[in-house]
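Here the structure comes first, spelled out in structure tokens, and everything after it is commentary.
Numbering (this note's numbering), first residue to last: 12 to 337.
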């Protein structure tokens with residue numbers, strides 16, 4: 012009886028949330044970005060089955076979760092959700108919490124299907140139109156979101172690298188952003204030169220951050236002190252007439268312009284650098300992509316001055332479309 016009580020206190024999986032917490036602890040040690048499966052679970056899985064007993068979940072529950080995601084036209088999220096469901100229930104089998112994996116029979120054809128490579132980028136006319144719409148609707152598209160989109164276009168960094176940045180990484184007097192390796196998706200630190208226009212936006216954000224340690228502090232009560240992972244994409248999607256979780260949808264302010272995501276701004280940055288005649292290897296370093304092959308092993312030059320010139324050209328091109336006035 013003593014052993015039974017000890018074992019029960021150590022391994023208590025009454026709900027799916029309990030099982031996920033145990034699984035996620037292992038992910039923290041193995042994955043560089045364990046927050047990604049955590050976000051998928053919290054937003055897509057937990058609302059449906061988080062409080063249920065693991066042994067009570069069946070295949071129909073998994074299908075309902077996937078169908079709910081696909082009803083909002085998010086195939087990539089549906090595929091990720093299915094992947095994490097399979098891994099989570101396999102973890103339950105490993106711990107003898109359940110005997111069968113209710114997600115095992117499903118494939119990507121039951122979720123989002125085979126994902127096509129994305130090629131969406133914004134033209135200069137689309138950039139101008141987008142920022143005009145944002146400015147005209149500043150009551151719903153916050154100034155911080157506006158500046159974040161401008162910075163993503165002019166710097167080509169990844170969304171989380173910008174929205175989770177702290178002020179300790181910036182030397183605005185010398186116009187340099189030192190992105191550390193632990194926050195870079197490529198795992199490589201980089202010195203990012205800041206154009207004059209970009210430095211002005213950051214100085215404005217410094218004032219708007221009201222003494223926060225972060226460039227984009229979270230405006231709502233949250234465990235994380237910086238901007239939420241979905242904030243920018245939700246704000247952009249709302250302009251296109253879609254708002255998750257709302258029965259009454261907002262008006263489509265973007266007209267016939269094709270939808271785009273935050274990551275498409277990074278692709279736009281790369282495309283505009285190419286249009287300016289910037290050499291491919293310099294543009295790739297601007298995006299902090301690793302140099303592949305044998306050249307990547309021996310070429311350790313970071314092309315700081317070349318990147319400074321390229322990003323200055325890009326900012327000069329885009330500043331007329333991205334109005335810096337409040």
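Glycine included, C-beta positions come from ideal geometry on N, C-alpha and C.
Buried or exposed: where does residue i fall if 16 or more other Cβ atoms within 10 Å of its Cβ makes it buried?
i	result
residue 249	buried
residue 73	buried
residue 263	exposed
residue 125	exposed
residue 103	buried
residue 299	buried
residue 170	buried
residue 285	exposed
residue 155	buried
residue 318	buried
residue 42	exposed
residue 305	Confidence in residue 305 is poor, its pLDDT being 49 and thus under 50, which makes the residue's placement too unreliable to answer from.
residue 12	exposed
residue 27	buried
residue 83	exposed
residue 110	exposed
residue 172	buried
residue 113	buried
For residue i, report the span of its beta strand (DSSP E) as first-last.
i	result
residue 188	187-190
residue 338	Outside the displayed span of the chain (12 to 337) sits residue 338, for which this structure offers no information.
Between the C-alpha atoms of residue i and residue j, what's the straight-line distance to the nearest angstrom?
i	j	result
residue 63	residue 105	19 Å
residue 206	residue 281	16 Å
residue 287	residue 226	29 Å
residue 107	residue 23	12 Å
residue 214	residue 333	16 Å
residue 325	residue 201	19 Å
residue 135	residue 187	26 Å
residue 181	residue 117	47 Å
residue 137	residue 268	8 Å
residue 61	residue 75	14 Å
residue 309	residue 229	The predicted position of residue 309 is uncertain, since its pLDDT is 42 and thus under 50; no value can be drawn from it.
residue 353	residue 185	Since the first residue shown for the chain is 12 and the last is 337, residue 353 is missing from the structure and cannot be characterised.
residue 224	residue 178	6 Å
residue 86	residue 38	24 Å
residue 275	residue 70	35 Å
residue 247	residue 241	10 Å
residue 328	residue 294	16 Å
residue 52	residue 162	30 Å
residue 141	residue 56	33 Å
residue 270	residue 133	10 Å
residue 40	residue 92	21 Å
residue 307	residue 283	Low local confidence applies: a pLDDT of 49 at residue 307 is under 50, so the model's placement there is unreliable, with the coordinate-based value given in what follows. In a straight line, the C-alpha of residue 307 is about 24 Å away from that of residue 283.
residue 65	residue 58	14 Å
residue 291	residue 218	36 Å
residue 194	residue 313	18 Å
residue 323	residue 203	12 Å
residue 260	residue 251	10 Å
residue 96	residue 29	14 Å
Since residue i is in the alpha helix (DSSP H), which residue starts that stretch and which ends it?
i	result
residue 257	Taken as a continuous stretch (DSSP letters only), residue 257 belongs to no alpha helix (DSSP H), as it is neither H nor E.
residue 299	Taken as a continuous stretch (DSSP letters only), residue 299 belongs to no alpha helix (DSSP H), as it is neither H nor E.
residue 29	27-41
residue 100	86-105
residue 110	From DSSP, residue 110 is part of no alpha helix (DSSP H); its letter is neither H nor E.
residue 279	273-286
residue 133	Looking at the DSSP string, residue 133 is not in any alpha helix (DSSP H), and its letter there is neither H nor E.
residue 72	70-81
residue 208	207-219
residue 62	That residue, residue 62, is in no alpha helix (DSSP H); it is neither H nor E in DSSP.
residue 46	46-51
residue 55	Taken as a continuous stretch (DSSP letters only), residue 55 belongs to no alpha helix (DSSP H), as it is neither H nor E.
residue 2	Absent from the model: residue 2. The displayed extent of the chain is 12 to 337, so no value can be given.
residue 245	242-250
Name, in chain order, the residues that DSSP records as bridge partners for residue i.
i	result
residue 236	Paired residue(s): none; residue 236 is not in a bridge.
residue 181	188
residue 225	177
Using a Cβ-based criterion (distance less than 7 Å to any ligand heavy atom), does residue i qualify as near the ligand NAD?
i	result
residue 319	No copy of the ligand NAD appears in this structure; indeed no ligand is present at all.
Please tell me whether residue i has its Cβ less than 8 Å away from any Cβ of chain D.
i	result
residue 72	Checking the listed chains, one finds no chain D in this structure; it contains a single protein chain.
query = Which parts of the segment 135-171 are runs of the alpha helix (DSSP H), unbroken and 4 residues or longer, counting only runs that do not cross its ends?
reply = Counting only runs of 4 or more residues that sit fully inside the segment 135-171, the alpha helix (DSSP H) segments are 135-147, 154-166, in chain order.
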